Structure formats: C-alpha cells, structure tokens
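Just add 3 to wherever you are in the sequence shown, counting from 1, and you've got my numbering. Idealized CB from N, CA, C, for every residue including glycine. No experiment lies behind these values; they were computed from the predicted model shown. The structure under discussion appears below in the form of structure tokens.
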Amino acid sequence: MKLPLGIAWRIGLALACVGVLAAALTGYYGYSASRAMLIAGAEERLQTATRVLVRQLAVGLNGTARDVRMLADHPQSARLLARADPRAQEITEDNVALLFERLLDTHPEYFQMRLIDVTDHGLERIRVDRDEAGLVRVRGDDLQEKGHYPYVFETIRLPAGSVYMSRPAINHEVGAHAGLGKPSLQVAAPVHDATGRVRGVVVINLDLNGLFAQLAADLPPGLQLYLTNSAGDFLVHPDPAKAFAFDRGRVARLQDAFPAALAMTREGKERQDELVTTASVAGQGAVVAAFLRQPLGELQRDDEFILGLAQPLSVVLQESEQLGAASARIVVAFSALAVLLAALLARALTRPLNQMVDAVRRMADGAAGGRLPSARQDEIGLLARSIENMQQQIRAQFATLEQKQGELDRLASHDSLTGLHNRRFFLDRLDHALAHAKRTNGQLALLFIDLDHFKTINDELGHAAGDHVLRTLAQRLKHVVREVDTVARIGGDEFIVLLDEIADIDGVTRVAHKVLDVLLQPVRRGDADLVLGASIGASRYPSDGTGTTELIAAADQAMYRAKSSGRRRICLASDGDATGSVPATVS
C-alpha cells in the first residue's frame, strides 16, 4: 500500500526545518559565545587596568611619602624647629619655604605644604599654599594652630621614618586657598632632632581629584573610575553628586550600587581583595566592573582605598552586534541551501521509504513482508536490512511468547509437582459442572482423598521420596478415572476427583474402590516398596449439597470419618449407608 500523495513534501519540509534549525542554533550559539568572550575579555582588561591604576596610585602615594619623609629628615627642618641658631632663623625659614615651593611646582597634585611646630599648640612655622594665581606663602598672624588635627597629634606618635596618611575628606580648614572645599588627604611625617626628640611635623595636603586625573589620563575613553574608603563610601564617582556624599549627610556606597562588592568593604564577613562583576547601576544601565583593594605598603593610615573601573555593557557588546548581523546573514544563506537540499533528498527518499512502509504494514497485517530495497549500499539499504532482521526477530519472539504463554497458562491451572490440575482450576471446573447439572437435572460426585502415613515417608525418607510418591500416585489417579472426570491436587497429600454425570451411589463407590485399590499398590523407590493407602470421602449433587462449598465440605467431612474409622477406607457423606463407610477391598 503506497503512502498518500504529498509525503515527499512532508519529508522535505521536515528536512528543511532541521537544516534551518541547525543553522539558527549554530548562529545563536556562535553569537552567544562571542558575547560571552567579549564580556570575559572586558572583565580581564578592566581587571588588568585596575591593577595598573592601583600600582600607579601606590607609586604616587609612596612618592608623596618619600617627599614628606625627605622634608622631615632635612637638617634645616629640625634646626628651624629647635631654634638652634636664632640669628639664622629667617634664612633657614626662607630655605625651607623655597624647598616647599619647588616641590609644589613639581607636583601640581599638591595643594599645600607645611612645617608645624609641636610647641604652641601645633603652630604652623612654614606654610606654602596653592592658589588660583600661583603659590602663596602664608606668614605672621595668618599662620594657624593645628595641634588638634589628627594629622598632627597622630603623626608625632610615630617613630622616625614613618609616614601618616589621613582619611580622604573634603577640606574645610579655613584659609586653605585652592584646597578649600576640595577632596584631599594629608600625608605627614614627624621631624626628629639629633637626640631623637620630636620637634614637629611636615604635612603635604594632596589633591585627590588632581591625583586621579593624572592616573586616569591614559585610560581608554568610556571607562568610569570609582574610589571608595573601606566603608564603601564613594570618594570618586562618575556622578560628582555621589562623591563624598557622607560629607553632605547623604549615603552613596559601593555595596548599594554593586551588591557583590559588600565582601570588599569592612562590613563583609569574608574580606575579599579583588572582584569582577556585572551589575545594573541606576542611571547607567548594565556595566562590567572590576574592583581592587589598594595595598598600603609602609604607609600608616586608619583607612583603606577600594579602586574600581567600569565600562557600559553596551559598549562592550558593540562588536557582538556586528557579529550578530553577520550571523543572521549566514543563517539565512544556509537555511536557503538547507531547503533546496531537503527537496532533493525528499524525492530520493520517498520511493524506498514507500517500499519499507508497505513491508512493515504487510507484516503488521500478518501477511508476508513485501520486497525491500536491501541491496542498496547506503543508509536506506542498511535500514531495509534492519527491517528484514526485525521481521525475523519479531516472528521468533512471537513464537517464543506463544510458547511461554502456553507454559504460563499451564502453570496457572496445573500443579507444578504432579502435573494434575490445581485447586483454582478444579473450582472453576466444578462451578461449570454444577451449572450444567442444574440446567439438565443431572448428577455429579466428589471424591476427597487424603493419603495415609504420607508424613512418615517425608520425615523418614525425605522430601525427595515424598515428591516421588506424589508424582507416581497422581499418574495412577489420572489413569483410573474417565477422561470426562477431573483430578486435582489441592494440598500437600490431598487430592480431589470430580465425577461428572454419574448415575447413582453404586457408580460412585465403584470408582472410589478403583481409586483406593491403585493407591494401595506399593510405590517403588530404589530397592524398597513404599505402601501408603488412602482415606476417601465422597459427596454427591444434589443429595449432599447444591453448591461448590457445600459439596467439598461434605466430602471433606466424610474423608475425616474414614480416617477416624481406621484409614484405608471410603466413607459417603450420604446418610443412606448404615455404617457411614464402605470398607476397602485389597487385591
């Protein structure tokens, strides 16, 4: 039977869909992989740039530390503060002030340089500020007492050669000229005389904006610079309103904009020194960012820096958009090619597929399989040969299943040891016989048989001998009754016989005597003859019962009377016998 028209189109459409899907998935995964690579590359570049900036920051801070240490160790600084030569005091002050001016000229990121005396409440002895017009040397009454500032009273506690760095803050010191209201930090070193006594402090006020403007000058355009303290408060931010927000009573913290950075702040349970993350920042969209904690080296300070660089994700993925457009063009081209190839393949596949489908359908209908293109040496030939093998295996499996089904049916209705019918089958047969007898007013009888002394054989000779006896006696029972009668094993040494369409009680006793005679015959086991015998109870329909349970119970009770009366005998459930038993005759 041939397939309906249009199968070629359906196969072609399926193959085309597979081709288009494969091309689309390839393009999609290529595009996704390129995006992931671009993001990974951006993260690596930002991480490297952040490390470079941190090193440059460390170099800049260490340079400032060297400058302040050099000034603190300069002999004229200690001589001036010790007032060792009152006559040359003015010359010494001018020399030190000139040295300050030269350093301020060299370092535009310095706001201010001062030499502070520990006496007179930390009075400034020399002070040079940066102003819009240039450098300004502050003299006389304009010099201020600074002993209450941490960069003075903390620094004088340090040993010689140490450098103190303050927390970054907005400079609110009155008269700071260009440094007033600007982000700054103070770098200071103690001045010791020849005896090791602290005489004063040298302080450089560092312009944070100027320092980071120098550091960021060589960064690629589009990068955003962040700087925070250890609490995560922004000191430098792309949005100036968020820098030093704490100085204005507001909160703008790193961990709020980048939640993953919480571990880098002092609030984090597990301190983390480096972080690369992608996050969505309010007002900026998605950004890729890298953060690094600044190592302080020998600087003595009560806070830390966290420096970071970020780049908008849209900038990072600009190249992927071009790649996505190219991928789309490639997908379209390959999809068109896939549709063309699918149409050609569909035509080539349709004919042999029709042959194989026809063969399978014939096999399903039970007919002989049709001709298959098994001579082909391609995949279709392999499939045809596989179908032929499958047909053979299915036929073999059906034969095996039929055989096993027959065995299962036999096991379901027969006793596995003796081969006689089992209780389940016997009850079903008895129900049918009773129904037939009721319709035809016929009669039937049951013989309930229990072997005598069987337990003795099992106990003395073993179960193997007992099984042999049961099998032998079962075969005798099958041959002593008619073919229309049913013999079943219903227990260990208990058997039951259905005598169908029996006429009268004489017929029942006659068959019962035959049964008892064959059961009394010895059973050969090796060199010994085993003699058992049996006790038999008989019941009849309808005189002893009209139902299955009643007839079996009546025959069972008659069997127990036979056993209690001396065994090897027959007892009838009917009351017609005066003694209730019929002695056996043994030939």
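With respect to the 9 angstroms criterion, F103 and H180 are not classified as neighbours on the basis of their beta carbons. Taking one beta carbon from each stretch, the stretch 282 to 290 and the stretch 312 to 320 have 3 or more pairs nearer than 8 angstroms; the two touch.
In this model, L265 and L226 are separated by some 22 angstroms (Cα to Cα).
In the DSSP annotation of this structure, the continuous segment of the beta strand (DSSP E) that includes R130 starts and ends at 127 to 134. When DSSP states are grouped into helix, strand and coil, F247 belongs to the coil group. Looking at the backbone, the Cα of V334 and that of V342 are separated by about 12 angstroms. Pairing D236 with A85 gives a Cβ-Cβ distance that is not under 9 angstroms.
For H195, the enclosing beta strand (DSSP E) has its first and last residue at 186 to 195.
The beta carbon of V284 sits closer than 7 angstroms to the beta carbons of A260, V290 from its chain, once the five residues preceding and following it are set aside; these are given in chain order.
Our two residues, V254 and A248, have alpha carbons roughly 6 angstroms apart in a direct line. For T421, the CB contacts under 7 angstroms within the same chain, skipping 5 residues up- and downstream, are L473, R474, A477, R492 in chain order. Fewer than three Cβ pairs drawn from the stretch 195 to 211 and the stretch 88 to 97 lie within less than 8 angstroms of each other, which leaves the two stretches out of contact. T421 sits in coil when the DSSP states are folded into three classes, being neither helix nor strand.
A Cβ-Cβ contact shorter than 9 angstroms links R570 with D455.
Between the stretch 524 to 537 and the stretch 500 to 512 there are fewer than three inter-stretch CB-CB distances shorter than 8 angstroms, so the stretches are not counted as touching.
When DSSP reads this structure, C574 sits in a beta bridge with G540.
The alpha carbon of G469 has as its nearest neighbour, out of S419, V514, A328, G495, the alpha carbon of G495. Judged by beta-carbon spacing, T231 lies within the 9 angstroms limit of T268, meaning their Cβ atoms are closer than that value. Unbroken beta strand (DSSP E) stretches of 3 residues or longer found wholly inside the stretch 248 to 294: 277 to 284, given in chain order.
Between G311 and L295, the C-beta gap is smaller than 9 angstroms, which places the two residues in contact.
For L554, the uninterrupted alpha helix (DSSP H) run begins and ends at 551 to 567, by DSSP. By the C-beta density criterion, Y32 is exposed, having fewer than 16 other C-beta atoms within 10 angstroms. Between the stretch 380 to 399 and the stretch 426 to 444, the count of C-beta pairs closer than 8 angstroms stays below three; the two stretches do not touch. Scanning its chain for C-beta atoms nearer than 7 angstroms, with the 5 sequence neighbours on each side dropped, one finds around V319 the residues L41, I42, A45, V291, in chain order. For G311, the enclosing beta strand (DSSP E) starts and ends at 309 to 315. In this structure, R142 lies away from L83, with their beta-carbon atoms at least 9 angstroms apart. When secondary structure is reduced to three states using DSSP, N461 falls in the helix class. In the displayed model, L476 falls within a helix according to three-state DSSP. Annotated as distal: L211 and V190, with beta-carbon spacing of 9 angstroms or more. With contacts defined by Cβ atoms closer than 9 angstroms, L107 and V131 form a contacting pair. Looking at the backbone, the Cα of I499 and that of I573 are separated by about 13 angstroms. Of the other Cβ atoms in all chains shown, fewer than 16 fall within 10 Å of the Cβ of H466; this residue is therefore exposed. Contact between S80 and L118 holds: CB atoms are separated by about 6 angstroms, below the 8 angstroms threshold. Classified as exposed, K407 has fewer than 16 neighbouring CB atoms from the shown chains inside 10 Å of its CB. DSSP, reduced to helix, strand and coil, places R140 within a strand of the structure shown. For D210, the uninterrupted beta strand (DSSP E) run begins and ends at 201 to 210, by DSSP.
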